[in-house]
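These notes are about the structure you will find just below.
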Amino acid sequence: MSDMSDLERLVELQAIRELKGRRDHAVDRKDWDTYARLHSDDYVAMSIGDKPIVGGRAAADALAVHMANVTTVHHCHTPVIEFQDRNNATGVWAMEDNLFWYRDGEKQWLRGFGFYHERYVRGSDGQWRFTYRKLERTHAETSAGAAILAVDASGENLRVGMG
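Going from the sequence shown to our numbering is simple: count from 1 and add 21.
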């Protein structure tokens with residue numbers, strides 16, 4: 022991005038990294054109000070369920086239902102962030118998620134790997150927010166009998182296996 026100085030670019034990169042960290046912390050702590058605030062009103066989630074979810078509040082509400090009885094641990098790293106202009110950026114993050122829950126009294130788990138494909142916008146308040154996210158799951162391991170649903174690189178939902 023030629024219209025940003027090196028210092029401006031570094032400051033904005035750090036702001037987006039912190040946005041991602043706050044998002045992961047909000048999910049793992051089940052802080053759905055914070056999660057909603059980190060996403061734009063026109064945010065599109067391609068990683069929850071089988072249809073796109075539009076809006077930060079709607080995505081937070083959907084996750085609250087899906088994750089109500091699930092303990093999650095998210096790790097995202099090695100971001101590649103590119104600026105389209107001063108107020109728009111895209112990012113790809115390597116990810117690992119660990120999910121733990123009980124079904125019929127038995128502990129179930131999923132350990133997944135892949136990439137988050139994201140878009141960000143800086144609002145008039147100067148804060149970066151997510152406008153889009155899609156999970157590309159490249160590998161998953163599960164406990165016996167744990168069905169998982171993932172999204173492939175094309176954005177299509179598919180059942181990736183029974184553990």
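Glycine included, each C-beta is placed from N, C-alpha and C at the ideal position.
Residue i: buried (16+ other C-beta within 10 angstroms of its C-beta) or exposed?
i, result
"Val-48", "buried"
"Arg-50", "exposed"
"Gly-176", "With a pLDDT of 38 at Gly-176, under the threshold of 50, the modelled position of that residue is not reliable, and no figure is offered here."
"Ala-80", "buried"
"Thr-152", "buried"
"Gln-129", "buried"
"Asp-125", "exposed"
"Leu-4", "This structure gives no information on residue 4, because the portion of the chain shown stretches from 22 to 184."
"Leu-131", "buried"
"Asp-27", "exposed"
"Ala-167", "buried"
"His-138", "buried"
"Asp-63", "exposed"
Grouping DSSP H, G and I as helix and E and B as strand, with all else coil, what is residue i?
i, result
"Gln-148", "coil"
"Asp-125", "coil"
"Asp-82", "helix"
"Asp-45", "helix"
"Val-91", "coil"
Counting only the same chain and skipping the five closest in sequence on each side, list residues whose C-beta sits under 6 Å from that of residue i.
i, result
"Val-101", "Val-113"
"Trp-149", "Ala-36, Ile-37, Leu-40, Tyr-141, Arg-143"
"Glu-103", "Thr-111"
"Thr-92", "Phe-121"
"Trp-53", "Ala-81, Ala-85"
"His-98", "Ala-115"
"Arg-44", "Leu-59"
Rank the options by C-alpha distance to the C-alpha of residue i and give the top, closest one.
i, options, result
"Leu-120", "Phe-151, Gln-105, His-87, Gly-144", "His-87"
"Ala-165", "Ala-115, Ala-66, Glu-127, Arg-107", "Glu-127"
"Ala-66", "His-160, Glu-33, Arg-154", "Arg-154"
"Arg-30", "Ala-115, Asn-109, Cys-97, Glu-139", "Asn-109"
"Gly-42", "Met-116, Asp-106, Gln-129", "Met-116"
"Thr-55", "Leu-34, Ala-85, Val-32, Ser-26", "Ala-85"
"Gly-147", "Asn-90, Asp-118, Arg-107", "Arg-107"
"Ser-145", "Ser-61, Ala-89, Asp-45", "Ser-61"
"His-95", "Thr-159, Ala-57, Asp-118, His-160", "Asp-118"
"Arg-78", "Gln-105, Asp-63, His-46, Ala-57", "Ala-57"
"Glu-33", "Gln-105, His-46, Ala-161", "Gln-105"
Please return the same chain residues whose Cβ sits closer than 7 Å to the Cβ of residue i, not counting the five positions on each side in sequence.
i, result
"Asp-24", "Arg-107"
So, at 8 Å on beta carbons, what are the nonlocal neighbours of residue i in its own chain, with the 5 sequence-adjacent residues on each side left out?
i, result
"Tyr-123", "Asn-90, Gln-129"
Would you say the beta carbon of residue i comes nearer than 8 Å to a heavy atom of the ligand GTP?
i, result
"Ala-167", "As presented, the structure is devoid of all ligands, the ligand GTP included, so that no description of it is given."
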